[in-house]
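Below: one structure, written as structure tokens.
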Amino acid sequence: MIIAVASGKGGTGKTTVSAALASIWKRPVLAVDMDVEEPNLHLFLKPESVRSEAAYLEVPVLDKALCKLCGACAELCQFKAISLMGAHLLIFPDMCHGCGGCMRICPEGALQKGQRELGVVEAGITSEGIPCLTGRLRIGEAMSPPLMGKVRQRMQAMAEQDFRDIIIDAPPGVSCPAMTAVQDADVILLVTEPTPFGLHDLRLAWQAFHPLGKPMGVVINRAGVGDDQVQAFCREKGLPLLTEIPFRRDIAEHYAHGGILTQLDAGMKATFEDLAQRLERMACEGQGVSHA
Amino acid sequence: MTTTPIHTIAITSEGPTLADPVDSRFGRAGGFVIVDLTSMATTYVDNGSSQVLAQGAGIQAAENLVKAGAQVLLTGHVGPKAWTALQATGVKVVQGVENMTVGEAVTKFKAGEFTFSDAPSH
Ligand code: SF4
Ligand code: SF4
């Protein structure tokens with residue numbers, strides 16, 4: 436079972452919720468931070484003995500001596516990573532998405548396999564035995580989906596071994612990386628705030644994720660600060676409101692110091708245990724009985 | 062190295078004529094007015110094929126420009142990738158051309174008021 440925790444923008448407490456959920460989820464569970472541009476789940480879960488491995492994308496390298504300037508590769512590339520400019524074939528490796536098409540199509544074998552470093556994939560384990568996985572995008576690397584793909588491969592390999600459940604902390608927003616992160620989820624958990632901004636971002640998230648046809652639920656963070664527009668929106672769209680985390684000074688301070696909410700007090704722990712149960716039920720209902 | 066005399070210049074433009082305003086963008090420009098400096102005849106190259114691209118608009122625009130036979134480009138600013146592409150084919154670039162009509166830009170170019178850039182913007 437895979438739960439993706441998402442939000443229409445950053446700063447809603449998405450990572451706090453992911454960490455708390457992972458901490459009380461029935462074992463074995465794997466915590467995955469898919470926000471490879473700015474991973475921060477580790478700040479809460481504090482994995483130890485982290486192993487870091489460089490990840491690469493296969494990009495074409497031109498052997499000028501073999502190229503006949505036929506232009507087939509440039510025409511094939513959807514991403515303008517290859518351009519035939521007059522009598523020059525130009526390759527822009529940082530724009531390549533690694534589909535490999537150009538290398539296969541070249542009739543002269545003039546395009547060889549090269550590499551672009553995407554960043555690193557990091558894996559560690561918390562003192563409570565929860566494995567943590569993330570990617571960290573290389574500075575200057577413009578695309579996160581290829582590195583997210585590498586994290587996903589590792590995630591699937593780890594989950595296959597023992598059918599462990601997965602909590603994914605998705606990148607904020609509703610653009611390509613966020614969509615990539617929720618694709619495997621059985622349930623999408625949206626974290627928002629009860630303010631006009633929160634509502635705006637929740638609506639964007641709902642619009643982006645709704646077409647995927649996955650069960651979705653909402654957690655309101657800092658409940659009590661704003662109005663009840665978010666609740667009204669949830670009712671209107673039939674989005675179950677699963678939990679409200681109250682706006683309390685001790686809670687804010689606890690997570691400002693990197694604390695996991697479930698360790699704050701028994702009430703918080705019960706809140707998240709209840710949330711976990713509801714999510715499990717939603718996942719089972721969403722896909723029949725395969726997770727009995 | 063001999064320098065070929067410049068006879069064809071291109072100006073990024075919001076419309077097809079000399080009276081239209083210069084478009085300061087290159088990759089996402091509306092189009093290019095191509096001017097033959099000897100006859101002063103103009104043609105218009107639509108750049109819609111670049112505008113729709115999610116990435117690589119500048120490279121596509123450079124391809125469009127080279128196909129049109131331009132030797133010089135007058136525009137607001139050119140990004141690094143389009144710059145590389147234009148350099149490869151020897152197209153000379155003037156940046157900082159904005160807030161004027163295409164016709165005014167051509168006049169200023171002919172009067173020698175512009176200097177060619179030696180680096181892309183940002
Ligand atoms: S591998 Fe694919 S994306 Fe990369 S340059 Fe070749 S065709 Fe383009
Ligand atoms: S397909 Fe091969 S031969 Fe043709 S332009 Fe590309 S690299 Fe050169």
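Chains as they are written, first to last, in our numbering: chain X, 436 to 727; chain G, 62 to 183. Note that beta-carbon positions come from the ideal geometry of N, C-alpha and C, so glycine has one too. Note that this is a predicted model, so its numbers are computed, not measured.
Sequence-distant residues of its chain with Cβ nearer than 6 Å to X:V452 (five each side left out): V440, V626 and V654
C-alpha distance - X:V467 paired with X:D662, whole-angstrom precision: 33 Å
Continuous beta strand (DSSP E) stretch holding X:Q596: start and end: Run containing X:Q596: none in the beta strand (DSSP E); it sits in the alpha helix (DSSP H), P580 to D597.
Any non-hydrogen atom of ligand 1 within 7 Å of X:G536 CB: Closer than 7 Å to some heavy atom of ligand 1: that describes the Cβ of X:G536.
Interface flag, X:S518 vs chain G, CB-CB below 8 Å: yes
CA-to-CA distance, G:T150 to G:D84, given in whole angstroms: 22 Å
X:I540 Cβ short of 7 Å to ligand 2 heavy atom set: yes
Heavy atom of ligand 2 within 7 Å of X:C719 beta-carbon: no
Close beta carbons around G:A71, own chain, < 6 Å, minus the five adjacent residues each side: Here the set comprises F93, I95, L126, A131 and L134.
beta-carbon X:H523 near ligand 1 non-hydrogen atom, thresh 7 Å: No, Cβ of X:H523 sits at least 7 Å from all heavy atoms of ligand 1.
Beta-carbon proximity of X:L525 to X:M538, cut-off 8 Å: no
Interface residues of chain X facing G:K142 [CB-CB closer than 7 Å]: Going along chain X in sequence order, the residues near G:K142 (Cβ under 7 Å) are F527.
Distance CB(X:V464)-CB(X:A558) smaller than 8 Å: no
Distance, X:L501 Cα to G:V167 Cα: 42 Å
Supposed close pair G:R89, G:A118 - CB separation, criterion 8 Å: 5 Å
Outcome for X:H692 when other beta-carbon atoms lying within 10 angstroms are tallied against a minimum of 16: exposed
G:M62 at chain X interface by Cβ criterion, 8 Å: In this prediction, G:M62 has a pLDDT of 46, which is less than 50 and means its spatial position is unreliable; what the coordinates show is noted afterwards. It does not; no Cβ of chain X falls within 8 Å.
Interface residues of chain G facing X:M530 [CB-CB closer than 9 Å]: Q116, G117, I120 and K142
Per-residue burial, X:S725 [other beta carbons within 10 Å of its own, 16 or more giving buried]: Note that X:S725 scores a pLDDT of 43, beneath 50, so its modelled location is shaky; the value from the coordinates is reported in the next line. Counting Cβ neighbours within 10 Å, X:S725 comes out exposed, since fewer than 16 surround it.
G:S74: first and last residue of the uninterrupted alpha helix (DSSP H) it sits in: Careful: G:S74 lies outside any alpha helix (DSSP H), inside the beta strand (DSSP E) at T69 to S74.
Close Cβ partners of G:I120 (< 7 Å) along its chain, the five nearest in sequence each way excluded: K142, A143 and A146
Chain X within 8 Å of G:T145, Cβ atoms only: yes
Element boundaries [alpha helix (DSSP H), containing X:L478]: L476 to L480
Reduced DSSP secondary structure (H/G/I, E/B, other) of X:P650: coil
Contact list for X:F668 against chain G, beta-carbon separation under 7 Å: Chain G residues near X:F668: none, gap ~30 Å exceeds 7 Å.
Same chain only: Cβ atoms within 6 Å of X:G549, ignoring 5 sequence neighbours per side: Excluding positions up to five away in sequence, the list reads V494 and V496.
Short CB-CB distance (under 8 Å) between G:V94 and chain X: no
beta-carbon X:E563 near ligand 2 non-hydrogen atom, thresh 7 Å: no
DSSP-derived helix/strand/coil call for X:T561: coil
Exposure of X:K515, with buried meaning 16 or more beta-carbon neighbours within 10 Å: buried
Alpha-carbon to alpha-carbon, G:M101 and X:Q618: Separation of X:Q618 and G:M101 (C-alpha to C-alpha, rounded to the nearest whole angstrom) is 56 Å.
Pair within 8 Å by beta-carbon distance, G:F170 and G:H138: no
DSSP state of X:A541 mapped onto helix, strand, coil: One detail in the question is off: residue 541 of chain X reads as Cys in this sequence, not Ala. X:C541 falls in the coil class under three-state DSSP.
Exposure of X:A705, with buried meaning 16 or more beta-carbon neighbours within 10 Å: exposed
Contact set between X:G521 and chain G, taken where Cβ atoms lie within less than 7 Å: V127 and T150
CB-CB length for X:A489 against X:V586, believed under 8 Å: Contact doesn't hold; Cβ gap of about 13 Å is too wide.
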